[in-house]
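Encoded as structure tokens, the structure appears first; notes follow it.
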Ligand code: NZQ
Ligand code: ZN
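Residue numbers (this note's numbering): 5 to 399.
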């Protein structure tokens with residue numbers, strides 16, 4: 005087991021009606037003026053925004069509203085949010101929405117207190133945010149894990165670059181997670197969320213080197229089985245509370261580092277996907293992952309057959325073929341792909357309705373490898389050539 009530091013400071017309020025406490029929660033932290041950040045309209049449609057503002061008024065908290073975050077959130081909107089926060093002397097940002105809204109809030113929080121800094125430099129790793137406004141969230145979609153994660157992922161429309169970076173400033177003060185708020189998430193987004201939650205654990209489980217992590221492995225395996233069961237139920241019964249609750253809690257645990265402790269942290273498929281949804285913003289993150297993952301797995305499994313076979317046996321109930329462990333590993337990947345298809349998720353890039361052409365693979369690889377200067381760490385190093393092959397094979 006590798007050394008690790010595990011720090012997840014976010015306080016989680018989980019369960020029915022928890023969002024109605026938001027005013028009291030924020031008052032306890034001592035904030036009196038906040039910004040409410042949200043997306044393209046779902047929070048108005050469901051009545052959630054009214055409930056949130058009511059709770060804030062009841063607690064005597066002043067607020068400004070700032071909506072309009074689109075999926076795959078953009079830097080230009082976040083910059084507007086930074087200006088608004090400075091102008092209004094906002095003390096705290098409350099994100100109400102899915103991963104895109106929460107990430108936009110994190111980006112704003114970093115930028116507000118660093119007014120002389122180009123916020124994109126944090127994403128290109130030319131600068132580090134030493135301080136940020138505090139933020140918290142009411143989660144409406146189980147998927148990204150951003151509600152407790154240390155990541156923030158933003159698209160710079162200037163060039164179509166989508167980049168993420170990790171920082172302690174990205175850990176929210178609190179996450180309010182009421183599974184009932186996800187009843188209105190449509191079938192496609194529920195599928196995207198199920199895939200993304202699985203990916204955060206699968207990438208840690210398969211992608212990073214590491215030995216002797218039996219507890220981490222078993223936590224990950226049980227999380228994957230739970231998510232597959234719950235995802236299948238939510239796919240058919242969107243208002244099944246227990247299924248939505250399992251997805252929501254798994255979403256937080258899958259990306260708060262728990263399922264990778266003691267192993268090297270790498271995310272090759274996420275890096276490949278971020279280029280995709282950066283260049284083609286209509287691609288939903290979970291759908292992009294679904295379209296790439298099994299091709300990536302078939303490309304790299306040879307470099308760790310025992311690990312892929314372990315996954316196949318323990319999660320996908322494949323019988324171990326001791327004569328031919330490769331066959332066991334491949335059958336596990338096939339069953340994962342079949343699961344994605346059962347949710348009507350794409351398993352090829354050509355199935356994404358985004359106008360992607362086969363020759364775009366070369367451009368995507370050029371961007372992902374930063375002109376051939378970056379390689380992605382993992383059980384098998386991916387340079388520009390390998391990235392392009394994966395994009396082409398996944399088409
Ligand atoms: O914008 P609104 O109107 O709210 O609609 C959203 C959006 O259209 C809708 N939605 C959200 N909650 C709903 C709802 N519709 C009905 N009822 C509800 N309760 O769902 C659509 C997708 O929302 P979005 O926030 O984009 O989805 P998700 O949570 O999957 O977030 C995706 C973003 O997170 C990033 C992704 O790259 C992508 O940009 N990620 C962030 C991570 C992190 N910060 O830790 C890690 C992830 O790997 C990921 O990269
Ligand atoms: Zn993800």
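Beta carbons: idealized from backbone N, C-alpha and C, even for Gly.
{"Item": "Start and end residues, beta strand (DSSP E) containing residue 165", "Value": "165-170"}
{"Item": "Anticipated Cβ contact below 8 Å, residue 368 with residue 379, distance rounded", "Value": "Between residue 379 and residue 368 the Cβ distance is about 15 Å, and since that is not below 8 Å, they are no contact."}
{"Item": "Inter-residue spacing [alpha-carbon to alpha-carbon] between residue 72 and residue 42", "Value": "6 Å"}
{"Item": "Reduced DSSP secondary structure (H/G/I, E/B, other) of residue 147", "Value": "coil"}
{"Item": "C-alpha distance - residue 288 paired with residue 142, whole-angstrom precision", "Value": "21 Å"}
{"Item": "Beta-carbon proximity of residue 329 to residue 316, cut-off 7 Å", "Value": "no"}
{"Item": "Runs of alpha helix (DSSP H) wholly within the stretch 242-299 (minimum 4 residues, chain order)", "Value": "245-258 and 272-283"}
{"Item": "Cutoff 7 Å; reference residue 155; Cβ partners in own chain excluding five residues on either side", "Value": "168, 170 and 174"}
{"Item": "Pick from 40, 261, 306 and 8 that is closest to residue 101, judged by C-alpha positions", "Value": "40"}
{"Item": "Coarse secondary structure for residue 127, derived from DSSP in three states", "Value": "helix"}
{"Item": "Distance CB(residue 187)-CB(residue 242) smaller than 7 Å", "Value": "yes"}
{"Item": "Buried versus exposed, by CB contacts within 10 Å (16 or more), residue 336", "Value": "buried"}
{"Item": "Cβ distance (whole Å) where residue 145 is taken to contact residue 189 below 8 Å", "Value": "6 Å"}
{"Item": "Three-state class that DSSP yields for residue 68 in the structure shown", "Value": "strand"}
{"Item": "Buried versus exposed, by CB contacts within 10 Å (16 or more), residue 342", "Value": "exposed"}
{"Item": "Residue 7, buried or exposed, once every other Cβ within 10 Å from all chains shown has been counted against 16", "Value": "exposed"}
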